[in-house]
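First up is the structure itself, then whatever we jot down about it.
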């Protein structure tokens, strides 16, 4: 039924004078559960659905969304989008055009091996209570100030139809579990950790994540950091950056600056620009370990999709390859500007959102070292396993990561815990300083924000542990 | 349902929830029409229009709390969702935050929330887009956004509250580029003002012009900082989020270990939540529990005066609701910083070794309870020595503790600006501030 409505919308837009039209039915249905210190806060159900219409008319781009799923509602959206685009055509010096693309006519689905309803709400609440129990029982001296935990399930259903022949219907279930805890000590202050687990699929992921055990383990280790943490050494040292931080770094300093719309300036007043300028493909940004891939097709990933919201089939994108800027993230509009093909990066958060260029699952390619081998040969250094605070400037160059669970490395061995070391580097200094990478890639889940209005979309970011040579670390005062 | 008055829809949904077996219910129904013109490279990158009806339901039974959010296609669909929530209630546990919904109180209507000029401009915002672009003609290129909205918000509760309010909104912000330098400014209001739109563009261009020239690196260390209303707005929103009693309970607040009455900031600093001021973009006369909102100090003369409560957190803290209810989380409506008496030039003249930071983004925290944070300057920023602006500086970070920053405010500007953009949302009315001895950092490798 919806597909008929979408085709009708596309046809109407063309009749009204659009040179391109796209209609997307987009629905999120989900439930979530939150608890504080093992006690329930509330249970929430949500359904967000509607139709998004995007058109090019008079060379301008118009977008309109409605939650009215009748023909009357959708027709209003189509008329609104075309009218607004035409009214703003006079501002366009370069009319919007899309690159040719082979578009999908397909249906696909990510399958939950264990459906969400195979565990009742009591069972889901028990999971959150176990997080509280785990943290509480593993902390010995410090006081547990709060433990909040959240369970969330979502099914994203989409149907994309456009005037260039795309017809893609998809269904992706996603599961997310997160926790936040604060440990306090009268003399040592507080330490806080937030962690998120996420992926596509069903409850089978819980067996892999072992969230209560992870929370308990982290709480015990972070209590050690709180009680016994020392300041990081002064002066340049070797730094073994854990995969959790490596993943974030490649997301921030490779993925984002590789978004072609950002390079072009489309997000300049919001999510910012890029140090990468048009024409920089082939320029060196780091050493041979700097290979960063963004791959939407990883099964079970949080950022999983097989066709983007313009109907283009997805594939892995090699953004940096052995230290060289290799490929940007494109939709069909930027592909036309660059004279290339879209690599299927157009994604919208929901029916209220225009598809824009997004990352999916971004990671640094693995090397060949074991963790022990990364530590070997480090006389004095710091291993940064996790972080809380981070940020990067609006051209994706100067960035800061404040370590949370960190240890001193002395003569190749982890020794004392280190508190709040600050890794503040440029994109070039990070990718040029990697002298070895671990052999195991691990992923973290997150919501990435971009667009106006801001759209949060699920992504994975990951990589191996890496070793940097000769980096000065700061410390939180 | 799609055309009925929103309070009628809300009342119907409350009735439906009670009929299906819930003991208490509140419904928040929001119908919204909005249009946004987005600019980049001095062109229109996209024009967007939204038409939405959103229903939020708060449902309770036996102390169990269920909430739903739906863009409904009809009453039946909401009914099915309520039934699912009821089945969930059977399996859920009582909420630690449960308290009965409040008895309705008289809500004084708040006139002046709708400006018909905003509604008229929504059909074709291109003349305003033209105004914005032409007012920035001194820039090589600009990017930004202009948003117009009309919202009807209705609340009904099983205690008998039934309220409805319409409002309009304008948000305009622009980033102007001159060579390698840039400046950004923003404005948010309930009313349409062509002058305000023009000033946004002109201020952005002016800042970009001032920042021309080769920026210089500053050494990490402690500096005096003059923060623009854009930066103040961003940080005041963080304070507002932390002032929510729920943030205190969740361990995400610098107020987690202090009581109202404690000194938390410089005596020069006062921050109000002012929803009864119809000029402010966040103004509203009633909250999501149907209680009247009120204008009140959050921090006054440096003293924490109140957390922001709904009836649930109020019961937990032995306080009264402050009329800040969201479905579950209390939130600030319309924050404003009380003006001081300083002119911007007077503040700059007081700086011995410091920086003027006109815009920031990416504020993140290492620890919410201690307020350890950093945020990055973007656009025009300047190094000042002995009261004199010396040169533009490269992108630096403010990296310090929020309580220390609040306590270090020494001068407050007399002019106030209604700021609203990507990084200041909801809108804040803010002045320039001068704070002493604030940590500044940047990469040294």
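Protein chains in written order, with our numbering: chain A, 89 to 565; chain B, 10 to 454. Beta carbons are placed, not taken as given, at the ideal position from N, Cα and C, and that holds for glycine.
Residue contact with chain A for residue 50 of chain B: present (Cβ-Cβ distance below 7 angstroms to some residue of chain A). 376, 377, 378, 379, 381, 382, 383, 384, 385, 386, 387, 388: these are the residues of the segment 376-391 of chain B whose beta carbon lies less than 9 angstroms from some beta carbon of chain A, given in chain order. Bridge pairing for residue 33 of chain B: B:69 [DSSP]. Contact between residue 200 of chain A and residue 289 of chain A is confirmed by a C-beta separation of about 5 angstroms, below the 8 angstroms threshold. In this structure, residue 139 of chain A sits near residue 162 of chain A, with a CB-CB distance shorter than 7 angstroms. For residue 449 of chain A, there is no enclosing alpha helix (DSSP H); the enclosing beta strand (DSSP E) has its first and last residue at 449-452.
Residues 400, 401 of the same chain have their beta carbon placed closer than 7 angstroms to that of residue 222 of chain B, with the five preceding and five following residues left out of the count. Residue 468 of chain A counts as exposed, since fewer than 16 other beta carbons sit within 10 angstroms of its beta carbon. Take residue 252 of chain A, set aside five residues on each side of it, and the residues of its chain with a beta-carbon closer than 8 angstroms to its own are 108, 186, 189, 191, 399, in chain order. Judged by their CB atoms, residue 297 of chain B and residue 247 of chain B are not nearer to each other than the 7 angstroms cut-off. Scanning the segment 380-441 of chain B from its first residue to its last, the whole beta strand (DSSP E) runs of 3-plus residues come out as 381-386, 390-394, 397-401, 406-410, 418-421, 426-430, 433-439. Measuring C-alpha to C-alpha distances from residue 280 of chain A to each of A:316, A:247, A:235 identifies A:235 as the nearest. Along the length of the segment 310-393 of chain A, whole beta strand (DSSP E) runs at least 3 residues long occupy 324-329, 380-382, reported in chain order.
Burial check for residue 256 of chain A: the Cβ neighbour count within 10 Å reaches 16 or more, so the residue is buried.
At the C-beta level, residue 319 of chain A and residue 564 of chain A stay beyond 7 angstroms of one another. Under the three-state reduction of DSSP, residue 175 of chain A is assigned to helix. Interface with chain B (7 angstroms Cβ-Cβ cutoff): residue 339 of chain A is excluded. Take the alpha-carbon of residue 329 of chain A and the one of residue 456 of chain A: they are about 15 angstroms apart.
Where residue 184 of chain A is concerned, there is no enclosing beta strand (DSSP E), because DSSP gives it neither an H nor an E.
For residue 25 of chain B, no chain A residue has a Cβ inside 9 angstroms of its Cβ, as the nearest lies near 15 angstroms away. Spatial neighbours of residue 441 of chain A in its own chain (CB-CB distance under 6 angstroms, excluding positions within 5 residues in sequence) are listed in chain order as 543.
Residue contact with chain B for residue 440 of chain A: present (Cβ-Cβ distance below 7 angstroms to some residue of chain B). When DSSP states are grouped into helix, strand and coil, residue 275 of chain A belongs to the coil group.
In this structure, residue 378 of chain B keeps its C-beta atom at 7 angstroms or more from the C-beta atom of residue 238 of chain B. Between the alpha carbons of residue 176 of chain B and residue 222 of chain A lies a gap of roughly 48 angstroms. By the Cβ-count criterion, residue 103 of chain A is exposed, with fewer than 16 other Cβ atoms from all chains shown falling within 10 Å of its own Cβ. Contacts with chain A at 7 angstroms (Cβ-Cβ) include residue 60 of chain B. Assigned with DSSP and collapsed to three states, residue 212 of chain B falls in helix. By the C-beta criterion, the segment 150-168 of chain B is judged to be in contact with the segment 355-366 of chain A, since at least 3 inter-stretch pairs fall below 8 angstroms. The beta carbon of residue 215 of chain B sits no closer than 7 angstroms to any beta carbon of chain A. Within chain B, no C-beta atom comes less than 7 angstroms from the C-beta of residue 535 of chain A; the nearest is roughly 14 angstroms away. In terms of CA proximity to residue 454 of chain B, A:521 leads the group A:99, A:322, A:521. Counting C-beta atoms within 10 angstroms of its own C-beta, residue 538 of chain A has 16 or more neighbours from the protein chains shown and is therefore classed as buried. From the beta-carbon of residue 136 of chain A, the residues of chain B found nearer than 9 angstroms are 63, 78, 79, 80. A Cβ of chain A is located within less than 7 angstroms of the beta carbon of residue 104 of chain B. Excluding residues up to 5 positions away in sequence, 182, 195 lie with their Cβ nearer than 6 angstroms to the Cβ of residue 430 of chain B in the same chain.
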